[in-house]
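Residue numbers (this note's numbering): 919 to 995. We put the beta carbon where it would ideally sit given N, CA and C, even for glycine. Since we're looking at a predicted model, the values are computed, not measured. Inspection log for the structure reproduced underneath, given as structure tokens.
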């Protein structure tokens, strides 16, 4: 597998996030699937390692997810 890609299973293990939370973050646009390998969703490791800590920081600060989506996706095309 490409070392720049990370699977859902690896994200759950490395970043201590639940699978339902990961699915929710994907569905609302906080994280983006960049490829698929069969039924596996693959994400950009660079994006995940930056975004998950930022999402945690902002949610712990009381920001709603809808505002976090807007903030994180401003510069994304």
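Residue i and residue j: beta carbons closer than 8 Å?
i	j	result
residue 926	residue 958	yes
residue 935	residue 987	no
From this set, the options, which residue's C-alpha is nearest residue i's C-alpha?
i	options	result
residue 970	938, 956, 941 and 948	948
residue 952	930, 960 and 936	960
residue 922	968, 964 and 982	964
residue 929	954, 967 and 956	967
residue 991	955, 944 and 980	944
Just grab the DSSP bridge partners of residue i for me.
i	result
residue 953	960
residue 925	960
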